[in-house]
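Have a look at the structure below before the remarks.
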Amino acid sequence: MNARVVVKWLLTDEPLVSEARQIEQAFRDGQIEELLIPELCLREVARRIDETTAKELWQFFQSLLQQVLTVLPDPPLDAVLEFALRYGVPVYDSIYPVLAQDEQCPLLTADERLWRAVAGQLPFVRWLGSGEPC
Numbered sequence: 004m005n006a007r008v009v010v011k012w013l014l015t016d017e018p019l020v021s022e023a024r025q026i027e028q029a030f031r032d033g034q035i036e037e038l039l040i041p042e043l044c045l046r047e048v049a050r051r052i053d054e055t056t057a058k059e060l061w062q063f064f065q066s067l068l069q070q071v072l073t074v075l076p077d078p079p080l081d082a083v084l085e086f087a088l089r090y091g092v093p094v095y096d097s098i099y100p101v102l103a104q105d106e107q108c109p110l111l112t113a114d115e116r117l118w119r120a121v122a123g124q125l126p127f128v129r130w131l132g133s134g135e136p137c
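The sequence shown: position 23 = 26 (our numbering), numbered continuously.
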């Protein structure tokens, strides 16, 4: 999962909030076994959530780490760079699909630029708004 999906769990004025929260609830209900993120995701979420207080953000992260997300090391930079060059997406955003590919799991994204770059080529990358199950 990428940071754009995780951000929607905390902020209410984002597009696709209900879809993102359905994923979170499906995990909590046991319908989804595991949610994986790279270490980068935590920094991205912290950077994007400027509408909350430090205390709210700290509580949110504690909840994520204790109950919801499995944090994995970022994939090797050479694989990330190769992906970025091949699909024309920023290096930063390439970490997510490379990790998903390495872990052989789907990537749920709300990053439209990434989605458009790989749509039809990488079936493991799924758009949050498509209604596809994880």
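Quick reminder that beta carbons are idealized off the backbone N, C-alpha and C, glycines included. On a predicted model such as this, the values are computed, not experimentally measured, just so you know.
Euclidean distance between Cα positions of residue i and residue j
i, j, result
"C44", "A6", "5 Å"
"S66", "E27", "12 Å"
"L38", "P100", "14 Å"
"Q69", "R89", "36 Å"
"A57", "V74", "21 Å"
"L102", "R24", "22 Å"
"W130", "R50", "22 Å"
Residue from the options whose Cα sits closest to the Cα of residue i
i, options, result
"Y95", "E106, L117, V74, L75", "L117"
"L72", "A57, F30, R119", "F30"
"A82", "L75, Q104, F63", "Q104"
"P78", "R46, G91, E42, L68", "E42"
"I98", "D32, E36, I40, L13", "I40"
"V48", "D16, S21, Q62, V9", "V9"
"P18", "A122, A120, W61, A113", "A113"
"F63", "L125, S21, L14, A120", "L14"
"E132", "K11, M4, E22", "For the record, residue 132 in the displayed sequence is Gly; it is not Glu. Of K11, M4, E22, the residue nearest in Cα terms is E22."
Helix, strand or coil at residue i according to DSSP, with G and I counted as helix
i, result
"P41", "strand"
"V128", "strand"
"V92", "coil"
"L13", "coil"
"L72", "strand"
Beta-carbon separation (whole angstroms), residue i vs residue j, contact threshold 8 Å
i, j, result
"L110", "V128", "5 Å"
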